[in-house]
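Report on the structure given below.
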Amino acid sequence: MIVFLEFVARLVGWLVLAPLLPGIINKVKAWVGGRRGPPVLQLYYDLARLWQKGVVLSTLVSPGFIAGPAVAWVAVLGAALLLPLGPVGAGLSFRGDVLLLIYLLALARFCTAWAAMETGSAFEGMGAAREVSYAVLAEAAIITAVLALCVHSGSVSLATMLNPAAGAGAVLLAAGLFAVLLAENCRVPFDDPNTHLELTMIHEVMILDHSGPPLAAILHGASIKLLLFATLLVEAVVPLGGLSRPAAAGVLAAGVLVVTVGVGLVESLLARLAFRRVPLLLTTAFLLCLFALLVAWKGGAA
Amino acid sequence: MKALLLVLLPLAGAALAAVWPSDRTRPWLLPVVGVLHVALSLWLLFVPPPFASTAWFAFDPLARAVLPAVSLLFLACAAYAVPYLGVRAERSNRVFVATFLAVLGLLSAGHGARHLGLLWIATEGVTLAAVPLIHFNGTSRAFEATWKYLLVGGTGIALSLLGSFALGYASLYGGGSGDLTVAALASQGAKLSHPWVLAAWVLLLAGYGTKMGLAPMHTWKPDAYGEAPGIVGALLAGGVTTVAFTAVLRVREVVAASGSGAIADRTLLAIGLFSMLVSALFLLGTRDFKRMLAYSSVEHMGILAVGAALGAAGVYAALFHVWGNSLTKGALFLSAGNIRRAAGARTMDEVSGMSAITPHSAAIFITGMFAVTALPPFGPFFSELGIVRAAFGADRPGTAAMFLGCLLFVFFGLTRLVFAIVDGRPRAASRVTGQRFPETMSVIVPPLVLLGFSLWLGLATPAVLTEAWAGAVAQLFPTP
Amino acid sequence: MNAYLNLLIGLAIGLNLLALGSSRLPSLINAVAVQGMALGAMPFLLEEHINWMVALVACATVAVKGFVIPILLRRAMRTANIEREVVPSIGYVPSLLLGAGGTIAAVAFARTLPLLPEHAGSLLVPGSLASVLTGFVLLIGRSKAISQVCGYLILENGIYLFGLLLIHATPLLVEAGILLDLTVGVFVIGIIVDRIQRAFDSLDTRKLTVLRE
């Protein structure tokens, strides 16, 4: 019973807290730009509004157009439940769960791209193509990062893996994962979540034709993904294992806040990269993770 | 002390040339320094000075066996340079004369260097000092050649520094002091760390092999030799490559002392034969007679490498060949320079019938061509014969067969091009330029003298030289 | 001591990759300059007793590699009035991957080499090999003369790193001579760059194609 209650609490926690992050980012951007900006809870209002709206469907679409966002949302949420939260542990933990996490994220991406293709519009097909071609590079980076953690801890279970090294390896890993976070969540300098200029959009293109509850699922799923990556980044770099529960929760929350503010600052201070430079930056992120792997390997053997 | 003069004298001459006021009289510094240098090196050849094996710089048996040839070549080039710079009066020769002398000084330092660091500094210095010589003509093609020379040569020389350090580390790892003098390294013998010695050998062979122009690191050679004035080509082909060859010999001595001599010999043999093969193939295709000389130089470097790989007898023949190559190649470069000036062009498509316009130079060019392709009784014939005999002596008939096959193709390539240039009817354009640059005694005598030396080497090798070469072999192959 | 040294070498390796990934000449030159300064500081970390010769050579290295050569290159860039873009013939991503692969190979290779106990934990050998490889990639993969010079400098930096292994053994006279040669070399290259610019009206070495067989 207790286990069940804890699981529900965890689920509610992920669902409720996630939309805060985009709000914080927007607030930081507004603050740097000297504006008041939208309220922190703006995304909650948006989600509530979208949920009440009807759905506009093209005559071309199959049920996949609705199923895509739904499956993606469930997949991201599942991935979030696999992630352990410091000493509290994960909702579900087993040997090799890290692979499931990566696959669930990939499934979510596949479903979003699939739903985008369902519209039959060349424009959204282009967005999907861009999204997955960058994802190839970003996934290489994240898999390398996971490998680095595996090699360092000698385990393939998330609960024991997130036991970070101090020193150069952690710095490299943090930098690499931060770049991956930006890329995976379609943030500047990879993509601009605010743009509506057709030629430069990536992620936003894919969801242009969605409306109502499916769009709400997509937006909510995106915010969960952001929270997931921020948590993963903090846990991969800050050793939480030795702390007591309240202290760990405090450190984790502070870490996620720092990452979120960091994203906001990056977004305010950097311009979006030209398309042809994006692969270079992603390769750099990959290399950073690769060198973290190298440090873990060498450090483990010495 | 006298040995040190061999270095200081040309460098002092270079400094003097840099401040000499008159463009017209400055070139005379070249033959003056050349004569003094030849006198000094011949004196040291006949009366070898005692040397301490731990010294960084000494006129040791190896330097004694090689340096006088470079000195003689320099004198011939210097004598030729006076009339040459006279006809090139439109350009200031201050930098040319100064760096030409500096190259001689640094070459002498490199030949006598018994410390790998000093050796590296000298060869790098030669590489850099030769830069203004190569782009003396100031054409855009000359700058292109200079750029390639700098990049390829600089990289090669950087690799040899890395190799020197690796050898130093081999000594440190073996419990030595990391002293980079050849004597100290060789005395450590088998205590040197084996993997580091091998790494060092590969890097040093690649590095100094680039300077020698062994294929596949020879790419700078055709461009540099093709665009540089003839005297510069002669000094590069006969002097700079020689210092790199002595460097390879010195390193090989250390590697052999550490017990990896067989591996070193095998790599030298492979790279030498490969160079000969590459040059033979390119010689069959090239249409430019100055680039032809460059490929011929690649071939002769291959011959030296093959000789160095064949034990004591092979090294003896290779040292003999250094003399034959330096002197004969010098004659070829200088006569080619005469022909090039008179013809106003350098490819067999634009030049023919030069025996009518520059009969003496053409005759020297053809004779030199026969000498360099090892026709008896010139020096190169006997040295190459020595290498073939060494190959049979080392029970490597396959090597000897490949060696002779490459020589045959080289002969085809050279005769094809040389006779196309010398024979036939002169072109109208060449008749005009030929009158502007008539043959004078001063541009014919230096190559003729060099050719005479080559003939003398073949007909009656002076006893002092055979004794010097045997001394160098004894130094490189110490009997235990 | 060793940890700080490794940190500096790690910085140098990171700068290698930065140099491979940078698309503008000024940032390439800056990467080379910072790398040179990092290298120049290393003798202070290696030597327990700083004597005046070591200090002199180290300061000279910092001055030459960190200031003199970069200033020369920047001046050549400005006077030649060339575009700031690097113009790669091997793209940035492939060259980055080559550089990273080379770095990993260098680390793996260095583990197979026998090292003295005092060097076993240090990154000197892999860092040196990685820089040499990076230099080669830049030499081959960039077509502007100045970026090739930068590649050559990184190659030299790699050799310098290796030379630090021998710092107790090699007389500093040799190190000084090597530094002098390097400086003269860059001066000469600078002069040639200037002449090529005047002769070809460009510093793109792909235009140097008259001489070929």
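Chains as they are written, first to last, in numbering that gives the first Met the number 0: chain A, 0 to 301; chain B, 0 to 479; chain C, 0 to 212.
Backbone N, C-alpha and C define an ideal beta-carbon position, used for all residues, glycine too.
What you are looking at is a predicted structure, and each value in this text was computed from that prediction instead of being measured.
From the DSSP output, which residues share a beta bridge with P376 of chain B?
To locate residue 376 of chain B, count along the second sequence from 1; it is residue 377. None, per the DSSP bridge assignment.
Taking 8 Å as the cut-off, does the segment 230-248 of chain B touch the segment 200-215 of chain B (at least 3 CB pairs, one atom from each stretch)?
yes
Taking buried to mean at least 16 other C-beta atoms within 10 Å of its own C-beta, is P67 of chain B buried or exposed?
By 1-based counting over the second sequence, the position of residue 67 of chain B is 68. P67 of chain B should be labelled buried.
Quick check: is the beta carbon of A167 of chain A nearer than 9 Å to any beta carbon in chain C?
Taking the first sequence and counting its residues from 1, one reaches residue 167 of chain A at position 168. So yes, A167 of chain A belongs to the interface.
Looking at the C-beta of A246 of chain B, does it have a partner C-beta in chain C at a distance below 9 Å?
Translated into positions along the second sequence, residue 246 of chain B becomes position 247. So no, A246 of chain B is outside the interface.
For D96 of chain A, which three-state DSSP category applies?
Within the first sequence, residue 96 of chain A is the residue found at index 97, counting from 1. DSSP places D96 of chain A in helix when its eight states are reduced to three.
Inter-residue Cα distance where the pair is S120 of chain A and A112 of chain A:
Taking the first sequence and counting its residues from 1, one reaches residue 120 of chain A at position 121. Taking the first sequence and counting its residues from 1, one reaches residue 112 of chain A at position 113. Between S120 of chain A and A112 of chain A, the C-alpha separation is close to 12 Å.
With M300 of chain B as the anchor, note down where its alpha helix (DSSP H) starts and where it stops.
Sequence index remark: in the second sequence, residue 300 of chain B carries index 301 (1-based). Residues F288 to A307.
Hey, is the segment 151-170 of chain C in contact with the segment 140-160 of chain B, meaning 3+ C-beta pairs nearer than 8 Å?
yes
Could you spell out where the alpha helix (DSSP H) holding H193 of chain B opens and where it closes?
Taking the first residue of the second sequence as 1, we reach residue 193 of chain B at position 194. It spans H193 to M211 - the alpha helix (DSSP H) in which H193 of chain B sits, taken as one unbroken run.
Could you spell out the range, first to last residue, of the alpha helix (DSSP H) harbouring F418 of chain B?
As a working note, residue 418 of chain B is residue 419 in the second sequence. From DSSP, the alpha helix (DSSP H) with F418 of chain B extends over P396 to V421.
Whole-angstrom distance between F332 of chain B and A370 of chain B, CA atom to CA atom:
In the second sequence, the residue the question calls residue 370 of chain B occupies position 371. In the second sequence, the residue the question calls residue 332 of chain B occupies position 333. Roughly 13 Å between the two C-alpha positions.
Buried or exposed, going by whether 16 or more other CB atoms sit within 10 Å of the CB of I363 of chain B?
Along the second sequence, read from residue 1 onward, the residue named residue 363 of chain B stands at position 364. Counting Cβ neighbours within 10 Å, I363 of chain B comes out buried, since at least 16 surround it.
Examine chain C for any beta-carbon lying closer than 9 Å to the beta-carbon of A64 of chain B, and answer yes or no.
Locating residue 64 of chain B in the second sequence gives position 65, where the first residue counts as 1. Cβ-Cβ to chain C under 9 Å: no for A64 of chain B.
Consider the Cβ of G178 of chain B: report whether some Cβ of chain C lies at a distance smaller than 9 Å.
The sequence position of residue 178 of chain B within the second sequence is 179, counting from 1. The question names Gly, yet the displayed sequence has Asp at residue 178 of chain B. Cβ-Cβ to chain C under 9 Å: yes for D178 of chain B.
Indicate whether at least one CB of chain C lies closer than 9 Å to the CB of T282 of chain A.
As a first step, residue 282 of chain A is located in the first sequence; it is residue number 283 there, counting from the start. So, interface residue.
Chain C beta carbons: is any one of them nearer than 9 Å to that of P163 of chain A?
As a position in the first sequence, residue 163 of chain A is number 164, starting the count at 1. It does not: the Cβ of P163 of chain A has no partner Cβ on chain C nearer than 9 Å.
Under the three-state reduction of DSSP, which class applies to T138 of chain B: helix, strand or coil?
Position 139 of the second sequence, counted from the first residue, corresponds to residue 138 of chain B. Here T138 of chain B sits in coil by DSSP.
Alpha-carbon to alpha-carbon, Q474 of chain B and P49 of chain B
If you number the second sequence from 1, residue 49 of chain B lands on position 50. If you number the second sequence from 1, residue 474 of chain B lands on position 475. About 14 Å.
For L219 of chain C, return the contacting residues in chain A, with the cut-off set at a CB-CB distance below 8 Å.
For residue 219 of chain C there is no data in the structure shown, the boundaries of chain C being 0 and 212.
When you compare the CB of I103 of chain C with every CB in chain A, is at least one pair closer than 9 Å?
Working through the third sequence from its first residue, we reach residue 103 of chain C at position 104. Yes, I103 of chain C counts as interfacial toward chain A.
Hey, does V124 of chain C have any beta-carbon neighbour from chain A nearer than 9 Å?
As a working note, residue 124 of chain C is residue 125 in the third sequence. Not one chain A Cβ lies under 9 Å of V124 of chain C.
Hey, out of C:L122, C:I89 and C:L181, whose CA is closest to K143 of chain C's CA?
By 1-based counting over the third sequence, the position of residue 143 of chain C is 144. That would be C:I89, whose Cα lies nearest to the Cα of K143 of chain C.
How far does the alpha helix (DSSP H) with T245 of chain B in it extend, from its first residue to its last?
Within the second sequence, numbered from 1, the residue matching residue 245 of chain B stands at position 246. First-last of the alpha helix (DSSP H) with T245 of chain B: T240 to A256.
If you draw a straight line from the C-alpha of A29 of chain A to the C-alpha of A32 of chain C, how long is it?
Position 30 of the first sequence, counted from the first residue, corresponds to residue 29 of chain A. Position 33 of the third sequence, counted from the first residue, corresponds to residue 32 of chain C. Roughly 38 Å between the two C-alpha positions.
My output table needs one value for E46 of chain C: the three-state DSSP class, helix, strand or coil.
Here residue 46 of chain C is taken as the residue at index 47 of the third sequence, counted from 1. The answer is coil: DSSP assigns E46 of chain C none of H, G, I, E or B.
So if I threshold CB-CB distances at 7 Å, which residues from the segment 150-166 of chain C count as touching chain B?
Y151, L154, E155, I158, F161, G162, L164 and L165
Here's a check: name, in chain order, each residue in its chain whose Cβ is nearer than 7 Å to the Cβ of V448 of chain B, leaving out the five neighbours to either side.
Along the second sequence, one-based indexing puts residue 448 of chain B at 449. Here the set comprises A75.
Given that L96 of chain C touches chain A, what residues does it touch there, using C-beta distances under 9 Å?
For this step, residue 96 of chain C is matched to residue 97 along the third sequence. Within 9 Å Cβ-Cβ: T282, F285 and L286.
So, M291 of chain B versus L416 of chain B, is the Cβ gap smaller than 9 Å?
As a first step, residue 291 of chain B is located in the second sequence; it is residue number 292 there, counting from the start. As a first step, residue 416 of chain B is located in the second sequence; it is residue number 417 there, counting from the start. Yes.
Where does the unbroken alpha helix (DSSP H) through S267 of chain A begin, and where does it stop?
Position 268 of the first sequence, counted from the first residue, corresponds to residue 267 of chain A. Taken as a continuous stretch (DSSP letters only), the alpha helix (DSSP H) holding S267 of chain A covers R244 to L268.
Less than 8 Å between C-beta atoms, sequence neighbours within five positions excluded: which residues of the same chain meet that for H36 of chain B?
For the purposes of this step, residue 36 of chain B is taken as the residue at position 37 of the second sequence. Excluding residues within five positions, the ones whose Cβ falls inside 8 Å are L5, L8, P9, S70, F73, L74, L103 and S107.
Please compile the residues from chain B whose C-beta is within a distance smaller than 8 Å of the C-beta of I191 of chain C.
Position 192 of the third sequence, counted from the first residue, corresponds to residue 191 of chain C. The contacting residues are V130, H134, F142, T145, W146 and L149.
Whether F58 of chain B touches L43 of chain B by CB criterion (9 Å)
One-based indexing of the second sequence puts residue 58 of chain B at position 59. One-based indexing of the second sequence puts residue 43 of chain B at position 44. Cβ distance < 9 Å, so F58 of chain B and L43 of chain B count as in contact.
Using only the alpha-carbon positions, how far apart do T398 of chain B and W455 of chain B sit?
As a working mapping, residue 398 of chain B is identified with position 399 in the second sequence. As a working mapping, residue 455 of chain B is identified with position 456 in the second sequence. When rounded, the distance between both Cα atoms is 29 Å.
Close-in-space but distant-in-sequence residues of the same chain around G299 of chain A (CB under 7 Å, 5 per side omitted):
Here residue 299 of chain A refers to the residue found at position 300 of the first sequence. Here the model assigns G299 of chain A a pLDDT of 47, short of 50, so the residue's position is not dependable, and the following value carries that caveat. Counting only Cβ-Cβ distances below 7 Å, and skipping sequence neighbours, we find V150 and H151.
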